[in-house]
Amino acid sequence: MDKTDFCVIGNGAVGMLTAVELTKNYPDKKITLIGPFTQTGSASVAAGAMHAVFGEIEAHFEDSLGDQKQFELGFKSKEYWANYFSMFGNDAKTASDTLIYLKDTKNPFEVANYKKATDIASSYGLLANPEKHHVEEYLNLTTLEAVNIIKGEFAFCPVKFFEQVTNFLSKSPMIELINDKAVSLDQNIATISSGRKINSKIYVVCNGAAASSLLSDYNVIPIYQGVGSALTVNSETLNFGSELVVRTVNRGGAQCGVHLVPRSNGTHYIGAGNYLAPFDERDDHRFETIRYLIDTVEEDIIGSKNAYNFRGSLLMGKRPRSFDGWPIFGPLSSNPNIIVASGWNRIGFSLAPLIASEIVGIIKDDKIRHINDWLPDRKPLSFGTKKECADFFAASRCANLIEHKLLDPSSKEYNKKYDELYSYSIKANYTLTKKLGMDSDFGMHPDLYGILQ
Ligand SMILES: Cc1cc2nc3c(=O)[nH]c(=O)nc-3n(C[C@H](O)[C@H](O)[C@H](O)COP(=O)(O)OP(=O)(O)OC[C@H]3O[C@@H](n4cnc5c(N)ncnc54)[C@H](O)[C@@H]3O)c2cc1C
């Protein structure tokens, strides 16, 4: 049996930065980081990765305490990224601002999200008008409803980030990197697939969408996978600027809009699709997502001349997504030596340095400073009233149909479809809360209807 002081399970952005923070704060302690060097299924590897705060805001922001809390944390994490950049240099940082646009689709969900996102950015003093040459250079659209710059909403390159962090960790004498997966975790022992057993004083479980498989003996909120597809395109085949991120707000369905993000390794990133499913090891893409991404980026952003020469690769990553949609963070009440950090869904890369610092805080003085509303063995949090769930479900699903050219927002069909989806949601919510034995006023997150029924 091997002994260690800290055993970190999972080597995505959260696990890697946790190992960095632990070694900085405890240079004499032994740290073991378990995770396949290929980072199979890692959401971090497939991430944008925008420090996306404003662009992810949705119309119901003011009604959702959870959304507000996540936004605040995302904003706060900027300070933590500044520390990371001063430690490792700025090579992983790419665009420094975001160009956000609203095309003329009359998609009510997108229009309302755009208004809310830009209103909030304006209230922070970060909204600006773009320069004329930026609009001409970065967009291919002749008619636009709106276009703005969000100042300071930067992006970073996961490839460079992992290169820097791996380099740092492999030079740290007290860290052992294990190229394997953990298969079980009981009270005091982690077993990896080679059969090796590791006894640690503290475990940090941050293996993303796979976390539930290690925590089945504990009463932890289930975690699913938000399967994400994206593309990276060789920048020389794209002939496109690298100063800005170009993005839409959330457009429904996939709910992270479309974005083109420069990376520091000679590629541009085009993202991203998302569908929710129970965790599995499959890595197949939904091709409609890929078609949609290429078509939209060509039409809205780069034009057919640039798209003609496209060359690049597909990326796949599994966003860790919890039952109620919120993160799962903190020590287990039944075993405080196990700290869980998962369920980060769409914001985990932005938050990674803050999460890592919070984990050190828990180990040091048992205190969570910022991420304190989402303990892993809490009662699931309601999305809202059943009517709020139904409105979100109907509006976002209609928006998705509009985007895929299956619904015209100005037709009579729109209201009919909206009403149909609304009624479906009300029914699904009653059936599922009953089936799962939850309080009758619990609002099940609409993303879950498909996988729980
Ligand atoms: C397409 C896409 C775009 C995104 N864009 C953004 C963005 O722009 N900004 C943002 O902030 N966030 C973004 N996200 C979300 C973000 O990527 C995630 O929230 C975050 O990366 C989660 O990090 P993590 O370390 O918790 O998990 P992961 O990155 O998933 O890492 C988990 C790691 O654990 C390993 N592992 C799995 N099982 C085991 C095991 N049994 N034992 C040991 N190791 C194991 C995996 O191989 C993996 O390396 C995006 C996600 C996707 C998929």
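Everything in the sequence shown is counted per the working numbering, starting at 59 for the first residue and increasing by one.
Every residue gets a Cβ at the ideal spot worked out from N, C-alpha and C, and that includes glycine.
None of these values were measured; they are calculated from a predicted model.
For residue j and residue i, believed in contact at Cβ under 8 Å, the rounded distance
i              : j                 : result
serine 440     : phenylalanine 500 : 5 Å
glycine 266    : serine 400        : 6 Å
isoleucine 256 : cysteine 65       : 6 Å
proline 504    : isoleucine 279    : That pair is no contact at about 17 Å.
serine 102     : glycine 70        : 4 Å
glycine 299    : tyrosine 196      : 6 Å
leucine 227    : leucine 91        : 7 Å
tyrosine 276   : serine 392        : 6 Å
tryptophan 402 : proline 385       : 6 Å
Residue i beta carbon near ligand 1 (any heavy atom closer than 7 Å)
i                 : result
glycine 495       : no
isoleucine 281    : no
proline 411       : no
alanine 335       : no
phenylalanine 407 : yes
cysteine 65       : no
asparagine 308    : no
glycine 370       : no
isoleucine 92     : yes
tryptophan 402    : yes
alanine 104       : yes
alanine 101       : yes
arginine 344      : no
valine 169        : no
arginine 340      : no
valine 72         : yes
cysteine 264      : yes
asparagine 237    : no
alanine 140       : no
glutamine 97      : yes
arginine 377      : yes
alanine 77        : no
leucine 272       : yes
alanine 210       : Just to set this straight, residue 210 is glycine in the shown sequence, not alanine. Incorrect: glycine 210 has no Cβ contact closer than 7 Å to ligand 1.
glycine 124       : no
alanine 110       : yes
glycine 383       : no
alanine 179       : no
glycine 68        : yes
alanine 175       : no
alanine 153       : no
Status (buried if at least 16 other CB within 10 Å, exposed otherwise) for residue i
i              : result
lysine 376     : buried
threonine 306  : buried
methionine 502 : buried
threonine 201  : exposed
aspartate 155  : buried
proline 216    : buried
aspartate 177  : exposed
glutamate 346  : exposed
glycine 310    : buried
arginine 404   : buried
arginine 340   : exposed
glutamate 478  : exposed
methionine 374 : buried
Residue i in three-state terms, based on DSSP
i                 : result
isoleucine 484    : helix
tyrosine 182      : coil
cysteine 215      : coil
glutamate 301     : coil
valine 78         : helix
phenylalanine 441 : coil
glutamate 116     : coil
asparagine 292    : strand
serine 468        : coil
asparagine 458    : helix
glutamate 203     : strand
valine 262        : strand
methionine 496    : coil
aspartate 177     : helix
proline 166       : helix
threonine 249     : strand
alanine 399       : strand
Beta-bridge partners of residue i, as assigned by DSSP
i              : result
methionine 374 : Ser287
glycine 329    : His317
lysine 61      : Asn257
glutamate 234  : Thr90
proline 504    : BP columns for proline 504 are empty, so no partner.
threonine 156  : Ile208 and Val303
leucine 334    : Gly284
methionine 108 : Ala213
Test: residue i CB closer than 8 Å to a CB of chain B
i           : result
alanine 153 : In the structure shown, chain B cannot be found, because there is only a single protein chain.
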